[in-house]
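*Asks:* Quick one: the structure is below, and I'll ask about it shortly.
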Amino acid sequence: MIKFILQHIIINFENIAGDLHNQALEITNLMTVGSYLFVVILLPLIVIVYDDIYGPLIDGVNLYVVFIIVMPILVITPAFIYACFKNSKYGKVALNWQLQLAVRYLKICETSAVYTKALLPDIQLNERSNISWYCQLAGSSKDGFGFFPFLSSNKGIFPTSKPLITQDIDVNIFMENLILNEKENLLFHSPGFCHIKIDSNLSSHEYFKDCIVFDGSNYLLSGHHIMNKMAGSLRGEIEFNYPALTYKTILDGPYGKFRFDSDIVFGIKLSSWPEAAQNWSKRVKKMLPVHVIESVHKKCCYLVHKHCPYNQIRNDLDWRLSFAEAETILFQYHSEKQALKLVYVILKFAIKLYSHDKFSPYVALKSYHLKTTFLWVAEKEKSLKDFDLYKIQDNKTLGELMLHVIKEYRQSLYLGKLDHYFIPGINLLDIYSQDERTVAMRLMDEFLERPLNIVSRFDNAHIVLWKREQWHIVITFFAAGALFFTQYADHDLFGPTSIADQIFMIGRIFIILFIIYIFLDR
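If you count the sequence shown from 1, position 185 lands on 185 in full-length UniProt numbering, and the numbers rise without skipping.
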């Protein structure tokens with residue numbers, strides 16, 4: 001019980017003092033400053049007024065003098081105290097506490113299959129042909145790392161509550177029995193990017209007849225034409241966000257309604273592991289079990305329509321190698337590294353949430369970049385002897401591990417270099433400008449400055465946000481009702497009453513409710 005009380009006090013202190021400490025970097029939230037000034041100015045003034053009206057609280061002490069002396073200290077020193085606390089062993093202990101509490105979200109990730117079944121059946125093509133289609137989740141939603149089903153308002157008290165943040169889902173649509181051969185069908189023009197050359201297998205498909213383009217030497221498959229054709233044949237609310245189609249839906253879940261935006265991309269399977277990624281197999285030969293490498297090779301990879309940043313002439317013909325299924329296998333293998341997995345999910349959530357709150361897209365911060373960083377860190381496990389990547393409970397290096405991953409990602413942004421995990425020679429950050437990377441680095445600096453904040457917001461958003469919304473409503477009505485009936489019982493409902501008395505009475509009620517809230521949040 002004492003641990004949880006201390007934890008709530010520390011987190012609230014970090015939220016207030018941490019914002020003031022960051023004033024040099026960006027404008028502090030006015031509500032945060034207001035809450036801080038309420039604590040250090042308004043409450044002491046109320047005590048002074050009470051002391052002046054009802055007699056001295058402490059004999060021989062002039063509270064006005066005490067207030068004048070203490071006030072500058074309370075206003076000026078919080079940033080200094082916070083900086084000392086954050087870098088002390090107590091700050092690390094508090095961060096570990098909050099990370100261990102946030103681990104409960106990892107169990108919720110396992111229930112994402114419920115939402116998968118609700119999403120995929122609605123995505124069906126309307127074609128009246130013998131072509132058979134199938135779709136599957138891709139990316140983080142399939143990995144179980146970073147699927148955020150609780151980013152929404154609970155409909156308990158307000159049934160018309162709107163979702164707070166839209167959940168993004170990546171979906172790939174494939175054509176049954178359509179498999180390409182790298183040597184016969186692919187014409188690579190940049191690392192990881194190619195054109196698809198039409199052969200007898202592709203030309204026999206009726207669906208592709210109006211999707212073929214002649215570039216002067218070869219007949220090529222146009223991804224732009226395919227996506228245009230699919231846009232007119234998908235059911236439901238569809239937006240054409242080239243090169244993807246966005247399918248929008250709102251689903252009911254155990255804690256309320258939430259909005260899903262499914263980015264649909266057409267994919268084509270390859271028959272074998274691509275030549276460009278052969279170096280990966282040699283690199284991890286001594287690091288990964290044989291069965292894991294074989295599973296990755298068996299899943300191979302597939303092609304998705306994606307513009308090549310280095311080819312601006314006919315990018316409607318570009319296709320990119322996608323290793324999403326291989327990454328899912330590797331994520332499953334690394335799932336035993338519970339500490340590293342928790343860090344990845346929290347950072348992915350933090351980037352998404354801060355982008356939403358600050359109305360900034362952070363173009364140089366991508367989920368795929370964070371995923372790549374995760375895979376590189378997991379691969380270098382033997383060199384990370386100072387961190388425990390596996391267990392969460394009783395892990396004294398959990399907070400330091402999170403800071404290490406943030407620093408690794410920040411260093412990549414600073415250098416402008418993040419190597420593709422499978423294909424050598426591809427720099428994922430090469431297409432971003434110095435200004436775009438600098439803005440992204442500032443957010444990483446904020447994460448390093450306030451790690452407790454991002455962890456507590458992650459836990460609150462997934463576990464207690466839906467309770468807290470109701471809780472705030474309940475305590476507001478409860479406090480107002482208690483004040484009304486107390487004043488009515490004292491026959492002072494319409495008579496003169498000391499403001500200090502009213503505030504002290506409400507304060508006692510809120511203290512009791514706060515203790516109950518801590519029990520509910522355990």
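The beta-carbon is built from N, C-alpha and C at its ideal position, and this holds for glycine as well.
Quick check: the stretch 210–222 against the stretch 312–321, are at least 3 beta-carbon pairs closer than 8 Å?
*Replies:* Judged by Cβ distances under 8 Å, the stretch 312–321 makes contact with the stretch 210–222, as three or more pairs qualify.
*Asks:* If you reduce the DSSP assignment to three classes, tell me which class Ser141 lands in.
*Replies:* Correct three-state label for Ser141: helix.
*Asks:* Which residue or residues does DSSP assign as beta-bridge partners of Glu239?
*Replies:* DSSP output for Glu239 lists Thr246 as bridge partner(s).
*Asks:* For Glu408, I'd like the list of residues in its chain whose CB is within less than 7 Å of its CB, leaving aside the five on either flank, ordered along the chain.
*Replies:* Around Glu408: Thr373, Val377.
*Asks:* Can you find the residues in the same chain that come closer than 6 Å, C-beta to C-beta, to Leu187, ignoring five residues on each side of it along the sequence?
*Replies:* Once the five neighbours on either side are set aside, the close Cβ partners of Leu187 are Cys194, His195, Lys197.
*Asks:* Here's the rule: buried if 16 or more other CB atoms are within 10 angstroms of the residue's CB, otherwise exposed. What is Gln332?
*Replies:* So Gln332 counts as exposed.
*Asks:* Using the Cα positions of Ala350 and Ser367, report the straight-line distance between them to the nearest angstrom.
*Replies:* Approximately 11 Å, taken between the alpha carbons.
*Asks:* May I ask you to report which of helix, strand or coil DSSP gives Cys194?
*Replies:* The answer is strand: DSSP assigns Cys194 an E or B state.
*Asks:* Would you identify the three-state DSSP class for Tyr302, choosing helix, strand or coil?
*Replies:* Strand at Tyr302.
*Asks:* Measuring alpha carbon to alpha carbon, tell me which residue in Met441, Leu370, Leu384 is nearest His420.
*Replies:* His420 has its Cα closest to that of Leu370, out of Met441, Leu370, Leu384.
*Asks:* According to DSSP, which residues form a beta bridge with Asn427?
*Replies:* Partner(s): Asp419.
*Asks:* What number of angstroms, rounded off, separates the C-alpha of Lys341 from the C-alpha of Tyr247?
*Replies:* Computed Cα separation, rounded: 29 Å.
*Asks:* Which of the three DSSP states, helix, strand or coil, is assigned to Trp97?
*Replies:* If DSSP states are grouped into helix, strand and coil, Trp97 belongs with the helices.
*Asks:* With a cut-off of 8 Å on the beta carbons, I'd call Ala339 and Asp388 a contact; round off their distance for me.
*Replies:* About 6 Å; that satisfies the 8 Å criterion.
*Asks:* Count Cβ pairs between the stretch 438–447 and the stretch 216–229 that sit closer than 8 Å; are there 3 or more?
*Replies:* The stretch 438–447 is not in contact with the stretch 216–229.
*Asks:* Three Cβ pairs or more, each shorter than 8 Å: is that satisfied between the stretch 177–191 and the stretch 268–280?
*Replies:* Touching, yes, given that three or more Cβ pairs across the two stretches are closer than 8 Å.
*Asks:* Just to confirm the assignment, what range does the alpha helix (DSSP H) spanning Asn279 have?
*Replies:* Counting along the chain, the alpha helix (DSSP H) containing Asn279 begins and ends at 278–283.
*Asks:* Which one of Leu202, Tyr134, Gly192 has the shortest CA to CA distance from Val171?
*Replies:* The shortest Cα separation from Val171 among Leu202, Tyr134, Gly192 belongs to Tyr134.
*Asks:* Pairs of beta-carbons, one from the stretch 316–329 and one from the stretch 298–305, closer than 8 Å: are there three or more?
*Replies:* Yes: at least three Cβ pairs fall under 8 Å.
*Asks:* Out of Tyr242, Val65, Glu237, Tyr414, which one is the CA nearest neighbour of Val304?
*Replies:* For the residues Tyr242, Val65, Glu237, Tyr414, the minimum Cα distance to Val304 belongs to Tyr242.
*Asks:* Could you have a look at Cys135 and say whether DSSP puts it in helix, strand or coil?
*Replies:* It is a strand residue.
*Asks:* Count the other CB atoms, across all protein chains shown, that sit within 10 Å of the CB of Pro451; report buried if there are 16 or more and exposed otherwise.
*Replies:* Counting Cβ neighbours within 10 Å, Pro451 comes out buried, since at least 16 surround it.
*Asks:* Which term fits Pro274, buried or exposed, when burial requires 16 or more other beta carbons within 10 angstroms of its beta carbon?
*Replies:* That one is buried.
*Asks:* Specify the secondary structure class of Leu151 as computed by DSSP and reduced to three states.
*Replies:* Bear in mind that a pLDDT of 48 at Leu151, under 50, signals an unreliable position, so the number given afterwards is only what the model happens to contain. In the structure shown, Leu151 sits in coil (DSSP, three-state: anything other than H, G, I, E or B).
*Asks:* Would you mind reading off the limits of the beta strand (DSSP E) that contains Glu176?
*Replies:* Residues 167–180.
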